[in-house]
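**Q** Residue numbering for the sequence shown is -15 to 447, as defined by our numbering. Glycine included, each C-beta is placed from N, C-alpha and C at the ideal position. Model, not experiment: these values are computed from the prediction. Sharing a structure here in structure tokens format.
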Amino acid sequence: MRPLSIRARLTLWYTGVLVAILLLVSVAAYSLLRWHLYNDLDASLFTVAGVLRDAPPADPAAPLPPDLEPLVREFLGSEFADALLQLLDPQGRVRSRALRPALPLSREARVNAGRGVPTIENVELSTGDRARLLTIPVIRAGRVVDLVQVAMPLRRTHQTLARYVETLLVLVPLGVVLSAVGGWLLARRALRPVDRMSQSALRISAEDLSRRLERRGTQDEIDRLADTLNAMLARLQAAFGEMQRFTADAAHELRTPLTALRGGIEIALRAERSPDEYRRVLVSSIEEVDQLIRLAEDLLLLSRSTVGLTTSRQPVDLEPLCLDALELGVRLAKGKGVTVSMGATAPAVVQGDGSALRRALLNLVDNAVKYTPAGGSVVISLERARDRVALVVEDTGIGIDPADVRRIFEPFVRLDTGRSRDTGGSGLGLAIARSIVVTHGGALEVDSRPGGGSRFTIQLPTA
């Protein structure tokens, strides 16, 4: 089943909430109208009963005369023509003349009258009609001498309430339909910028990531969405640019040894050569193949370290890694006049991939020895502060210009001053080291100045 669009869901939610509100308002309005109608009816009953009760008797202690009904009706007028009147003695016997239908007297009303309390209730008459009945005692000289009953039929009240319900049954569905249509139009208008944004996004492809989504300048949610998408496009453009540069650099790095390999073989095949000459060609070819293998391994390692570690992390003791790096540095420095030594160390354990961290540290040591002139020194140290561990490789080499500090961690970057292909390597060492450190939740920092040496620091969280 195809999911509903956002426009349809907004319309349904809006309509559903509106239906609930209208139902609640309708029930509340019906209850309030019913309450007011019954209050008005009760006020009318008390008015009629008050006229009967307050009629002046001939004897202050005597009951009311039974023929007061015509006088009361004449006094009240036609507004109370539907009122039913009845006089009862304290025992509940009817004293009024020729009243039809007779009004019932409930036990509750008789008990309340004996206590001097009026009673109002809904009753069913002998004719089958429903009526509102008020029973009020008439007290003379401190005793109950009569019971006055006044009733008003509920027929008009029920008719009024029924007409109100019929009106609601027509207006509420009509209001819901009109509101649903209005909600649909409002949702369509509100989402129109999103549609335009979607159409603009469809025209953006990998070949042209420079295009951006248009902002309306209203600083609303749509503009914030456009800003977010434009920022994402900028990151994608930068990532694609880096990938294209990386691909071009990798192709260039691969092309150089392949060209040398092909050239050497072609020269050897142009004429007959002696076994020694063929051997020299083969040895040179093996060197170029070895360079290609190292380059392929570096590219593979960089790719794996960029996407993150796939192996399970284990506790790694960093002191043995420093000793391995020292041993490698000493071997690399032979014949170069560079001193490699171990500085201050402290016990430290981190969580991660031991072989990957070893590769990152060895790359830094190799880089330091490679660019330190004769007479210089390289110092490896291990520092610990609170929850961080620092692996430091410090050299007295040629240093790095501040403008080039960020670039040295990009793949295939070789700076002009002293960092040419003559020194060997593929230009991936620092990029690999940084990727490994980042995947371990750390940071690789460099502090350097031209001619003043460099200090590379691997910051890692402790285990």
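1) For a test of your reading of the model: does the CB of V1 fall under 7 Å from any non-hydrogen atom of the ligand MN? Yes or no.
2) Along the chain, where does the beta strand (DSSP E) containing F440 start, and where does it finish?
3) How many angstroms separate the CA atom of L346 from the CA atom of A309?
4) What do you reckon, are the CB atoms on A210 and M181 nearer than 8 Å?
5) For R439, which residues from the same chain have a beta carbon less than 6 Å from its beta carbon, with the 5 sequence-adjacent residues on both sides left out?
6) Please report the straight-line C-alpha distance between I249 and L428, rounded to a whole angstrom.
7) In whole angstroms, what is the alpha-carbon distance linking W19 and I123?
8) Between the stretch 151 to 163 and the stretch -6 to 14, do three or more beta carbon pairs fall short of 8 Å?
9) Quick one: residues in its chain with C-beta nearer than 7 Å to the C-beta of S194, no 5 flanking neighbours on either side, listed in chain order?
10) Classify A82 as buried or exposed, calling it buried when 16 or more other Cβ atoms lie within 10 Å of its own Cβ.
11) Would you decide whether P121 is buried or exposed? Buried here means 16 or more other CB atoms lie within 10 Å of its CB.
12) Taking the beta carbon of I270 as the centre, do at least 16 other beta carbons fall within 10 Å, making it buried, or is it exposed?
13) For R79 and G159, I'd like the C-alpha separation in whole angstroms.
14) Quick one: what does DSSP say T68 is sitting in, helix, strand or coil?
15) To the nearest angstrom, how far is the alpha carbon of S28 from that of I104?
16) Considering only the alpha carbon of each residue, which of R418, L305 and Y148 lies closest to R390?
17) Would you call the stretch 137 to 150 and the stretch 165 to 180 touching, i.e. three or more CB-CB distances under 8 Å?
18) Applying the 10 Å Cβ sphere with the 16-neighbour rule, what's the burial state of S23?
19) For V322, does the three-state DSSP call read helix, strand or coil?
20) Could you pull out every residue in the same chain whose Cβ sits closer than 8 Å to the Cβ of D207, ignoring the five residues on either side in sequence?
21) Whole angstroms are fine: how far does the CA of G336 sit from the CA of A447?
22) Looking at L72 and L89, is the spacing between their C-beta atoms short of 8 Å?
23) Where do the ends of the beta strand (DSSP E) carrying V300 lie?
24) Starting from T(-5) and walking both ways along the alpha helix (DSSP H), at which residues does that stretch end?
25) Determine the direct distance from the alpha carbon of S189 to that of I5, and round the result to whole angstroms.
26) Can you list, in chain order, the residues of its chain whose CB lies under 7 Å from that of G413, leaving out five sequence neighbours each side?
27) Whole angstroms is fine: what's the gap from L315's alpha carbon to V265's?
28) Could you check which residue in R263, A374, L283 and T380 has the C-alpha nearest to that of G321?
29) Under a Cβ-count criterion, where at least 16 other Cβ atoms within 10 Å of its own Cβ denotes burial, should V267 be classed as buried or exposed?
30) Could you say which of M216, S110 and A33 lies nearest to L131 if we only look at CA atoms?
31) Keeping to the same chain, check which residues put their C-beta closer than 6 Å to that of Q203; ignore five residues upstream and five downstream.
32) Could you pull out every residue in the same chain whose Cβ sits closer than 7 Å to the Cβ of G402, ignoring the five residues on either side in sequence?
33) Give the straight-line distance between the Cα atoms of Y148 and R114, rounded to the nearest whole angstrom.
34) When the Cα atoms are used, what is the spatial distance from P(-13) to A374?
35) For D400 and T441, I'd like the C-alpha separation in whole angstroms.
**A** Reading from the atomic positions:
1) Absence of the ligand MN is noted for the structure shown, with no ligands found whatsoever.
2) Bounds of the beta strand (DSSP E) holding F440 are S438 to P445.
3) 5 Å
4) Against a cut-off of 8 Å, the Cβ pair of M181 and A210 comes out as a contact.
5) E378 and D431
6) 43 Å
7) 30 Å
8) yes
9) Excluding sequence positions up to five before and after S194, its CB lies within less than 7 Å of the CB of Q221, all in the same chain and listed in chain order.
10) With a pLDDT of 44 at A82, under the threshold of 50, the modelled position of this residue cannot be trusted, and the question is left open.
11) buried
12) Classification for I270: exposed.
13) 56 Å
14) First, the residue type needs correcting, since residue 68 is Leu and not Thr in the sequence shown. Here L68 sits in strand by DSSP.
15) 12 Å
16) R418
17) Contact between the stretch 137 to 150 and the stretch 165 to 180 is absent, because fewer than three Cβ pairs lie under 8 Å.
18) Reading off the sequence shown, one finds Asn at residue 23, where the question assumed Ser. It counts as exposed.
19) Here V322 sits in coil by DSSP.
20) R199, R200 and G201
21) Going from the Cα of A447 to the Cα of G336 covers about 9 Å.
22) yes
23) Q298 to D301
24) I(-10) to R37
25) 47 Å
26) Short of 7 Å from the beta carbon of G413, and not among the five residues preceding or following it, lie these beta carbons of its own chain, in chain order: N347, D350 and N351.
27) Per the sequence shown, residue 315 should be read as Arg rather than Leu. C-alpha separation (whole angstroms): 28 Å.
28) T380
29) exposed
30) A33
31) none
32) In this prediction, G402 has a pLDDT of 43, which is less than 50 and means its spatial position is unreliable; what the coordinates show is noted afterwards. Once the five neighbours on either side are set aside, the close Cβ partners of G402 are Y355 and I382.
33) 19 Å
34) 53 Å
35) Per-residue confidence for D400 stands at a pLDDT of 49, beneath the threshold of 50, marking its modelled position as unreliable; no derived number is given.
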